[in-house]
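Student:
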Amino acid sequence: MSSSVSRLVSSVCKKIIKPYSPTPISLRCHKLSYLDQMVGGIYMPLALFYSKLSNTWSNKPNNVVSQHLEKSLSKVLTNYYPFAGKLNDNISIDCNDNGVEFFITKINCPMPEIFNHPYFEKHNLVYPTEVINNQYTYEGSLAVFQLTHFSCGGIAISMCLSHKVGDGYTFGNFMNHWATMARNALSSEIYPISPKFDGSFYFPPTKDEDSSNVSNNNIVPQREECVSKSFSISSSKLTALKARVINESQVQNPSDIEVVSAFLYQRAMATKKLVNSSSIRPSLLHQAVNLRPPVPKNTMGNICSLFSILTKEEKEMDLAQVVSKLRKEKEEVKQKYKNAKIEELLPITLEQHRKANDLLVNNSCYDLYRFSSLITFPSYDVDFGWGKPEKVISPLSTSNPPIKNMFVLMDDKNRDGVNLTCSMKKQDMLAFERDEELLRFASPTS
1 MSSSVSRLVS SVCKKIIKPY SPTPISLRCH KLSYLDQMVG GIYMPLALFY
51 SKLSNTWSNK PNNVVSQHLE KSLSKVLTNY YPFAGKLNDN ISIDCNDNGV
101 EFFITKINCP MPEIFNHPYF EKHNLVYPTE VINNQYTYEG SLAVFQLTHF
151 SCGGIAISMC LSHKVGDGYT FGNFMNHWAT MARNALSSEI YPISPKFDGS
201 FYFPPTKDED SSNVSNNNIV PQREECVSKS FSISSSKLTA LKARVINESQ
251 VQNPSDIEVV SAFLYQRAMA TKKLVNSSSI RPSLLHQAVN LRPPVPKNTM
301 GNICSLFSIL TKEEKEMDLA QVVSKLRKEK EEVKQKYKNA KIEELLPITL
351 EQHRKANDLL VNNSCYDLYR FSSLITFPSY DVDFGWGKPE KVISPLSTSN
401 PPIKNMFVLM DDKNRDGVNL TCSMKKQDML AFERDEELLR FASPTS
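First residue of the sequence shown: 1, per full-length UniProt numbering; consecutive thereafter.
The following block contains the structure:
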């Protein structure tokens with residue numbers, strides 16, 4: 001972080017927040033599932049910006065806001081006890097109630113100057129500095145939080161969660177559960193999902209001596225020097241893209257995720273072709289799939305699979321054709337899991353990863369595009385008692401360094417459009433962000 005940016009921070013205070021109730025002895029050793037063992041220990045960041053607190057909170061001093069969050073965080077950690085523990089190699093989490101790190105900062109600028117800034121470096125001010133600068137190697141608590149106060153009276157609440165303890169679904173449930181717990185101080189509202197950390201029942205871990213060898217390059221991507229940019233696709237533009245797909249394919253009910261993923265993949269491949277002044281490069285699209293169901297919705301951890309589509313020729317780049325491929329692959333994956341027995345879940349998931357690896361290797365793919373979606377996740381419903389967020393910055397959009405060819409999709413605030421963040425090599429991004437077809441439907445927001 002540059003000195004000119006860091007000078008905006010006037011104070012930093014660190015606290016340790018422990019679970020309100022001690023974790024029972026029977027839950028002290030949380031076994032990682034095989035899927036937990038496969039993922040890297042990268043910290044996933046999420047930040048929520050609240051531009052104006054409701055009248056009840058607007059005149060309260062900063063320490064009262066902080067205490068409100070600290071108390072409710074302590075209570076919700078009782079339900080999410082692995083977050084407050086310590087990772088034991090790649091085998092288990094010692095749920096010893098050590099606690100989580102909670103930072104409080106003040107930034108000497110108005111909030112819009114941060115989230116409307118064209119460079120992600122300024123966004124990083126709302127995250128704990130050590131975590132955001134060492135997302136792959138941080139050795140502090142498994143979940144780290146920061147409350148940031150702005151000169152305008154707005155606040156940001158950020159969280160960085162180790163991927164070892166959960167996926168995006170876990171992240172979203174935790175944030176909403178925490179917010180419900182905070183509001184519960186003033187009401188009798190109860191969160192509808194009681195979390196269970198029993199992923200190892202559905203995806204049994206490997207033997208202890210083999211745990212360090214469990215990895216997958218599709219889940220633990222290589223780090224490269226990249227740049228990140230954000231775009232938005234309005235509801236009217238999304239409708240226009242869907243109409244094109246409906247008119248030109250057999251898919252008559254394309255989802256937001258299918259259409260936006262296919263469109264971005266198509267434009268990324270097209271602009272990559274221009275950068276290299278050559279024919280299309282064989283490319284692969286990876287799409288993550290939430291496995292709840294068949295796994296119960298209250299199961300936390302890494303509970304996801306993936307499917308992939310391969311593109312080798314220019315004629316396969318047509319938008320409707322890409323959407324049709326995505327739909328076909330997704331339906332095939334759903335069928336595989338539909339009637340699967342518990343003991344079949346892990347073999348099916350490993351087969352999906354093997355299939356993706358084989359596509360990558362056997363077809364000499366040059367480019368792998370990863371898509372992760374938080375569409376339908378209630379990120380904009382996270383209300384701690386003072387209203388819903390004005391802006392949400394998605395996980396992985398601020399990875400340091402960013403993951404190459406990574407796309408993260410989210411609903412916009414009004415739930416009728418899509419916000420997206422992507423990261424690419426600098427020369428690829430220069431071509432991508434100037435692509436006329438892209439800009440017909442997507443507007444830059446950073």
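Positions of the beta carbon are idealized from the N, C-alpha and C atoms, including for glycine.
#1: Tell me the rounded alpha-carbon separation between F103 and N63.
#2: Should M44 and H163 be called a contact, given that it needs their Cβ atoms to be closer than 8 angstroms?
#3: Can you round the beta-carbon distance between D167 and T299 to whole angstroms, since I take them to be within the 8 angstroms contact cut?
#4: Have a look at V131 and L310 and give me their C-alpha separation to the nearest angstrom.
#5: Pick helix, strand or coil for N298, following the three-state DSSP scheme.
#6: Compute the Euclidean distance between the alpha carbons of K86 and D94, then round it to the nearest angstrom.
#7: Between K336 and the rest of its own chain, which residues show a CB-CB distance below 7 angstroms, the 5 nearest in sequence each way excluded?
#8: Once the 5 residues before and after P19 are set aside, which same chain residues still bring their CB inside 7 angstroms of it?
#9: Using the three-state DSSP reduction, which class does I219 fall into: helix, strand or coil?
#10: Give, in chain order, every unbroken run of the beta strand (DSSP E) that is at least 3 residues long and sits entirely within the segment 334-395.
#11: Suppose you measure from the CA of H149 to the CA of T421; what does that come to, to the nearest Å?
#12: Are F115 and K334 touching if we call contact CB-CB under 8 angstroms?
#13: From D256 to V418, what does the alpha carbon distance come to, in whole angstroms?
#14: Give the straight-line distance between the Cα atoms of P444 and L32, rounded to the nearest whole angstrom.
#15: Nearest to S58 by CA position, among V165, D367 and G153, is which residue?
#16: At what residues does the alpha helix (DSSP H) containing V259 begin and finish?
#17: Report the start-end ranges of each beta strand (DSSP E) in the segment 64-120 that is 3 residues or longer and not cut off at the edges.
#18: Provide the residue(s) that pair with A156 in DSSP beta bridges, ordered along the chain.
#19: For D198, name the three-state secondary structure that DSSP assigns.
#20: Taking 7 angstroms as the limit between beta carbons, can you name the residues of its chain near V323, skipping five residues before and five after?
Tutor: Walking through what the data contain:
#1: In a straight line, the C-alpha of F103 is about 12 angstroms away from that of N63.
#2: By the CB criterion at 8 angstroms, M44 and H163 fall inside the cutoff.
#3: Between T299 and D167 the Cβ distance is about 11 angstroms, and since that is not below 8 angstroms, they are no contact.
#4: 35 angstroms
#5: coil
#6: 5 angstroms
#7: I348
#8: Excluding sequence neighbours, P19 sits near S74, L77, T78, Y81, A84 and D97.
#9: Its pLDDT being 48, under 50, I219 is placed unreliably by the model, and the measurement read from it follows with that caveat. Here I219 sits in coil by DSSP.
#10: Within the segment 334-395, the complete beta strand (DSSP E) segments at least 3 residues long are 367-373 and 391-393, listed from N- to C-terminus.
#11: 25 angstroms
#12: In this structure, F115 lies away from K334, with their beta-carbon atoms at least 8 angstroms apart.
#13: Spanning the two alpha carbons is a distance of roughly 8 angstroms.
#14: 40 angstroms
#15: Out of V165, D367 and G153, G153 has the C-alpha closest to the C-alpha of S58.
#16: D256 to N276
#17: 86-88, 92-94 and 100-107
#18: F49 and T148
#19: coil
#20: V245, S249, V251, P254, E258, V259 and A262
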